[in-house]
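This report concerns only the one structure given below.
Numbering (this note's numbering), first residue to last: 228 to 572.
Below you can see the structure in the form of structure tokens.
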């Protein structure tokens with residue numbers, strides 16, 4: 228039996244999973260045509276530099292930056308699965324950094340503004356971001372805090388009708404080109420205090436705050452005095468996306484720049500991370516599938532000892548193992564996406 232018959236790659240190509248309708252598949256084909264025609268030819272060039280801003284503008288023009296966003300803000304009004312389709316099809320650009328930069332816009336920075344922002348904030352940031360006229364980034368990671376969000380040190384101190392922000396952020400995708408940043412700060416100096424399990428299980432006295440309270444999100448324009456784009460970081464991969472080290476030195480923002488509730492930023496960002504991480508997983512699985520498909524094609528063409536190497540049992544075992552792992556990961560992503568779409572997370 229041929230390798231192709233064993234692996235049935237048509238399933239992965241069509242992604243015939245129950246969460247996707249005919250409309251999703253039509254969208255998939257549309258995005259793939261665009262990516263292959265307009266983005267893929269520039270992959271090598273962009274890996275040496277970064278992908279240009281016109282990509283945001285073009286994708287905004289085509290409606291791809293707001294697939295699952297409300298129509299009233301310029302989106303297409305689709306479901307969460309449309310974002311999965313976009314993440315999966317961007318792998319055909321052969322440029323991982325491009326998919327990263329777009330995902331930060333569509334699934335990391337825009338969602339919390341839609342969820343927690345005021346109408347004024349949505350009009351100022353979401354509408355132009357969906358159209359590709361403004362680029363956004365998300366500021367969580369710091370030199371000494373990343374996944375440990377409660378460990379961040381960037382401070383925002385109230386001063387009359389303003390807040391004064393001081394601190395630094397690192398590994399910020401889109402940081403050098405962004406017009407605005409969704410910034411995680413600490414507004415309570417005691418926020419993030421470590422507590423023992425025993426203490427956490429005891430009843431809290433009236434007025435005592437939870438250790439994850441005291442963090443606040445801000446929408447900060449990147450052209451404000453005191454916002455410093457220190458340098459573009461060099462990475463091992465994802466070269467096409469700009470990744471910045473940022474500093475905030477006595478940056479003054481009005482109280483209206485607060486995103487959501489003061490002191491609830493930790494909970495707001497935890498909400499955001501659910502959808503963001505799932506999109507990242509979808510893109511990663513799609514990337515693995517794409518590399519698998521190209522490797523399988525090579526194994527059919529490359530010959531040794533008078534036959535394609537894909538017909539050797541040892542090679543076929545490797546392909547079978549890879550296909551199993553990819554399919555397992557895909558099913559986990561799709562099942563989790565279904566639960567997310569249906570409000571279980």
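Beta carbons: idealized from backbone N, C-alpha and C, even for Gly.
message = If you follow the beta strand (DSSP E) that residue 312 is in, where does it begin and where does it stop?
response = Careful: residue 312 lies outside any beta strand (DSSP E), inside the alpha helix (DSSP H) at 307 to 316.
query = What three-state label does DSSP hand residue 353 in the structure shown?
reply = helix
task = Rounded to whole angstroms, what's the CA-CA distance from residue 560 to residue 477? Just pull it up for me.
result = 42 Å
message = Quick check on residue 341: buried or exposed, where buried means 16 or more other Cβ atoms within 10 Å of its Cβ?
response = buried
ask   = Among all the DSSP beta bridges, which residues are the ones paired with residue 447?
value = 408
inquiry  = If the criterion is Cβ atoms closer than 8 Å, does the pair residue 372 and residue 366 meet it?
reply    = no
query = What number of angstroms, rounded off, separates the C-alpha of residue 548 from the C-alpha of residue 344?
reply = 46 Å
ask   = Would you call the CB atoms of residue 336 and residue 506 closer than 8 Å?
value = no
query = CA-CA distance, residue 512 and residue 405?
reply = 28 Å
key: Contacts around residue 487, its chain only, beta-carbon distance under 7 Å, and the 5 residues preceding and following it disregarded   = 343, 444, 495
query = What did DSSP end up calling residue 551 once you bin it into helix, strand or coil?
reply = helix
Beta strand (DSSP E) segment containing residue 395, residue limits = 389 to 400
task = Mind checking which residues open and close the alpha helix (DSSP H) that includes residue 501?
result = 492 to 528
query = If you compare alpha carbons, which of 516, 323, 265 is closest to residue 556?
reply = 516
request  = Have a look at residue 247 and residue 305 and give me their C-alpha separation to the nearest angstrom.
outcome  = 12 Å
task = Keeping to the same chain, check which residues put their C-beta closer than 6 Å to that of residue 284; ignore five residues upstream and five downstream.
result = 359
Cβ-Cβ separation, residue 263 to residue 313 (assumed contact under 8 Å), whole Å = At roughly 14 Å, the Cβ-Cβ gap does not stay under 8 Å, so residue 313 and residue 263 are not in contact.
ask   = Alpha carbon to alpha carbon, what distance is there between residue 326 and residue 297?
value = 22 Å
ask   = For residue 387, which option in 318, 252, 307, 483 has the closest C-alpha, if you only look at C-alpha atoms?
value = 483
Nonlocal neighbours in the same chain, by C-beta distance under 6 Å from residue 536, ignoring five residues either side = 526, 529, 542
message = Taking 8 Å as the limit between beta carbons, can you name the residues of its chain near residue 307, skipping five residues before and five after?
response = 295, 502, 564, 567, 568
request  = Buried or exposed for residue 572, please, with buried defined as at least 16 other CB atoms from any protein chain shown within 10 angstroms of its CB.
outcome  = exposed
ask   = Can you tell me whether residue 531 is buried or exposed, with buried defined as 16 or more other CB within 10 angstroms of its CB?
value = exposed
ask   = Taking all protein chains shown into account, do 16 or more other C-beta atoms lie within 10 angstroms of the C-beta of residue 518, making it buried, or fewer, making it exposed?
value = exposed
message = Does residue 366 come out as helix, strand or coil in the three-state DSSP assignment?
response = strand
inquiry  = With DSSP as the reference, identify every bridge partner of residue 470, one or two as the case may be.
reply    = 400
Buried/exposed call for residue 417, threshold 16 Cβ in 10 Å = exposed
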